[in-house]
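Chemist: Those letters in the sequence shown? Residues 14 to 370, by my numbering. Positions of the beta carbon are idealized from the N, C-alpha and C atoms, including for glycine. Computed from a predicted model, the values in this text were never measured in an experiment.
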Amino acid sequence: MTTNIVLLPGDGIGPEVTAVAQAVLETVGNQFSLNLSIEAHDLGGVAVDRHGTPLPKDTAAACKRADAVFLGAVGGPKWANTPVELRPEQGLLGLRAALGVFANLRPVKVHAALTDLSPLRPERLAGVDLLVVRELTGGIYFGAKEEGNERAFDACEYTRQEVERVTRVACQLASERRGRLVSVDKANVLATSRLWRNSVSQVCREEFPNIELEHLLVDAAAMHLLSRPADFDVVLTENMFGDILTDEASMLAGSLGLLPSASLAGTNGAGLYEPIHGSAPDIAGKDVANPIGAVLSVAMMLRHSLSAPDAASAIEHAVIATLESGSRTRDLIDPSESSLGTEAFGRVIVERLLSGP
Ligand code: IPM
Ligand code: MG
14 MTTNIVLLPG DGIGPEVTAV AQAVLETVGN QFSLNLSIEA HDLGGVAVDR HGTPLPKDTA
74 AACKRADAVF LGAVGGPKWA NTPVELRPEQ GLLGLRAALG VFANLRPVKV HAALTDLSPL
134 RPERLAGVDL LVVRELTGGI YFGAKEEGNE RAFDACEYTR QEVERVTRVA CQLASERRGR
194 LVSVDKANVL ATSRLWRNSV SQVCREEFPN IELEHLLVDA AAMHLLSRPA DFDVVLTENM
254 FGDILTDEAS MLAGSLGLLP SASLAGTNGA GLYEPIHGSA PDIAGKDVAN PIGAVLSVAM
314 MLRHSLSAPD AASAIEHAVI ATLESGSRTR DLIDPSESSL GTEAFGRVIV ERLLSGP
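1) Please list, in chain order, all residues with a C-beta atom less than 6 Å from at least one heavy atom of the ligand MG.
2) Do you know whose CA, among F115, W92, G65, S268, lies nearest G25's CA?
3) Buried or exposed: L112, going by 16 or more other Cβ atoms within 10 Å of its Cβ?
4) Between which two residues does the beta strand (DSSP E) holding L84 run?
5) Does any heavy atom of the ligand IPM sit closer than 7 Å to the C-beta of E251?
6) If you compare alpha carbons, which of L105, E148, T31 is closest to G255?
7) Hey, F83 and S318 are a contact pair by Cβ (cut 8 Å); roughly how many whole angstroms apart?
8) Rounded to whole angstroms, how far is the Cβ of V176 from the Cβ of S212, which I believe are closer than 8 Å?
9) Would you list the one or two residues that DSSP bridges to L277?
10) Grab the span of the alpha helix (DSSP H) containing G267 for me, first residue to last.
11) In the DSSP assignment, what are the bridge partners of I51?
12) Go through its chain and collect everything with a Cβ distance to L366's Cβ below 8 Å, but skip five positions before and after it.
13) For R316, count neighbouring Cβ atoms within 10 angstroms of its own Cβ and tell me buried if that reaches 16, exposed if not.
14) Jot down the residue ranges of each uninterrupted beta strand (DSSP E) in the stretch 99–155, minimum 3 residues, whole runs only, in chain order.
15) Can you give me the C-alpha to C-alpha distance between A60 and T95, rounded to a whole angstrom?
16) With distances taken from CA atoms, which of K122, H64, P132, G23 is nearest A86?
17) Give the range of the alpha helix (DSSP H) segment to which K70 is assigned.
18) Taking just the CA atoms, how far does V308 sit from A325?
19) How far does the beta strand (DSSP E) with S8 in it extend, from its first residue to its last?
20) Please state whether DSSP places T66 in a helix, a strand or coil.
21) Measure how close the beta-carbons of R164 and V247 come, nearest whole angstrom, since I'm counting them as under 8 Å.
22) My guess is that F115 and T150 are in contact by the Cβ rule of under 8 Å, so how many angstroms apart are they, rounded?
23) By Cβ distance below 8 Å, which residues in the same chain neighbour E356 in space, the five residues on each side in sequence not counted?
24) Apart from the five residues just before and just after A243, which ones in its own chain have a Cβ nearer than 7 Å to its Cβ?
25) Near D55, which residues of its chain fall below 7 Å by C-beta distance, leaving aside the five closest residues on each side in sequence?
26) So does the stretch 191–202 actually touch the stretch 221–231, counting three or more Cβ pairs closer than 8 Å?
27) Comparing C-alpha positions only, which one of L130, V145, I224, L105 sits nearest to A262?
28) For A321, collect the residues of the same chain with a Cβ closer than 7 Å to its Cβ; drop the 5 residues on either side in sequence, then sort them by chain order.
29) Can you tell me which of A204, F221, R178 puts its alpha carbon nearest to the alpha carbon of S188?
30) N303: buried (16+ other C-beta within 10 angstroms of its C-beta) or exposed?
31) Assign L353 to one of three DSSP states: helix, strand, or coil.
32) Using CA atoms only, rank isn't needed, just tell me which of A168, Y154, M313 is closest to G282.
33) For R137, which residues in the same chain have their Cβ closer than 7 Å to its Cβ, ignoring the five residues on either side in sequence?
34) H228 by DSSP, collapsed to three states: which one?
35) Using the Cα positions of A200 and Q185, report the straight-line distance between them to the nearest angstrom.
36) When you compare only the Cα positions, how much space is there between L350 and R181?
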């Protein structure tokens with residue numbers, strides 16, 4: 014049986030990190046006899062330029078057929094002033110909706126070799142290993158909108174069912190980890206947050222009585238993520254809060270370039286995998302982007318969509334070994350020290366994989 018993978022290199026540094034992700038995927042594909050069929054499609058700004066839409070029909074259809082989709086990044090200043098339906102980001106949001114991937118998993122670990130990168134003191138970072146589960150297909154991102162010169166609005170809407178299904182994913186994952194769930198909302202102000210809190214509590218109480226649940230208001234959560242990051246296990250939150258808190262949490266690891274993500278319609282099955290960094294237009298085409306977030310996203314793909322946990326672990330070990338051997342991309346060291354480019358760093362990871370554990 015063939016496993017179909019769609020690659021969406023996208024914009025900015027997307028194609029550069031996707032090339033490394035593809036090399037890693039092909040390497041483990043051979044090593045673990047995975048029989049992968051890999052095809053690339055256009056999404057985002059590149060699709061606007063070539064096809065006049067950020068999410069071409071062919072791309073959407075190929076992604077829906079695929080066992081897993083890998084996305085580099087979308088967006089850039091070139092499309093900043095185009096009408097909203099022609100913005101690269103609309104391609105990504107449309108794809109998330111089309112695939113129904115309502116649960117976005119963003120793990121944050123601090124690598125021992127990189128603790129001095131974070132703006133936090135090393136003693137605060139000891140033991141940080143958290144997973145943000147961000148609701149991805151609802152809330153203010155997808156509510157009714159109106160945009161005028163004098164007045165505009167974005168409505169935030171959630172249904173109980175939308176909250177329940179993502180809560181089940183978070184609880185399931187928490188039960189496979191340390192059994193602790195922090196749900197983040199703004200229930201002192203927002204109606205959607207009160208529904209959120211109520212629904213999360215009910216699912217936990219009735220279906221996952223062994224999960225230890227804590228509710229935090231989003232402003233407090235933003236602070237606690239910095240003051241006591243090691244206390245968090247699974248953090249569950251709605252779409253917009255998750256977007257913001259995961260960029261904040263990435264600074265625990267030291268660089269936005271390190272973090273992977275998986276977007277799923279459950280805890281496994283077909284999914285969309287992307288590094289959480291954006292298209293970084295300022296460094297695009299310069300061979301300096303950090304491919305680790307992309308490579309670790311491939312590992313998540315192998316684990317959640319391709320039932321290949323051994324291949325996933327092999328990749329994670331190869332990344333750790335590469336860092337431990339002292340190899341660094343530019344974002345991971347002082348400007349005075351020497352670094353490897355995206356491609357060369359990718360080659361080191363592939364060589365590590367080929368030389369075995
Ligand atoms: C992310 C990104 C996207 C989001 C943008 C590109 C639409 O910031 O995946 O975190 O806001 O979801
Ligand atoms: Mg974001």
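Modeler: Inspection of the coordinates gives the following:
1) In chain order, the qualifying residues are D256, D260.
2) W92
3) buried
4) 81–86
5) no
6) E148
7) Not quite, the Cβ-Cβ distance comes to about 10 Å (not below 8 Å), so this is no contact.
8) Going by Cβ atoms, the distance from V176 to S212 rounds to 4 Å, so yes, they are a contact pair.
9) A116, G284
10) Unbroken run through G267: none, as it is neither H nor E.
11) I18
12) The beta carbon of L366 sits closer than 8 Å to those of V37, T40, V41, Q44, A327, I328, A331, all from its chain and outside the five residues before and after it, given in chain order.
13) buried
14) 116–122, 142–148
15) 13 Å
16) G23
17) 70–78
18) C-alpha separation (whole angstroms): 10 Å.
19) What the structure shows of the chain is the stretch from 14 to 370, and residue 8 is not part of that stretch, so it cannot be assessed.
20) coil
21) About 39 Å separates the two Cβ atoms, so there is no contact after all.
22) 5 Å
23) Residues of the same chain with a CB within less than 8 Å of the CB of E356, apart from the 5 flanking positions on each side, are E29, A32, V33, D300 in chain order.
24) A139, G140, V141
25) R63, H64, P69, T72
26) Segment contact: the stretch 191–202 against the stretch 221–231, three or more CB-CB distances shorter than 8 Å; contact assigned.
27) V145
28) Once the five neighbours on either side are set aside, the close Cβ partners of A321 are F45, L47, L315.
29) F221
30) buried
31) coil
32) Nearest option by C-alpha distance: M313.
33) P242
34) In this structure, H228 counts as strand in the three-state DSSP scheme.
35) 24 Å
36) This sequence places Glu at residue 350; Leu is not what is there. So the two alpha carbons sit approximately 46 Å from each other.
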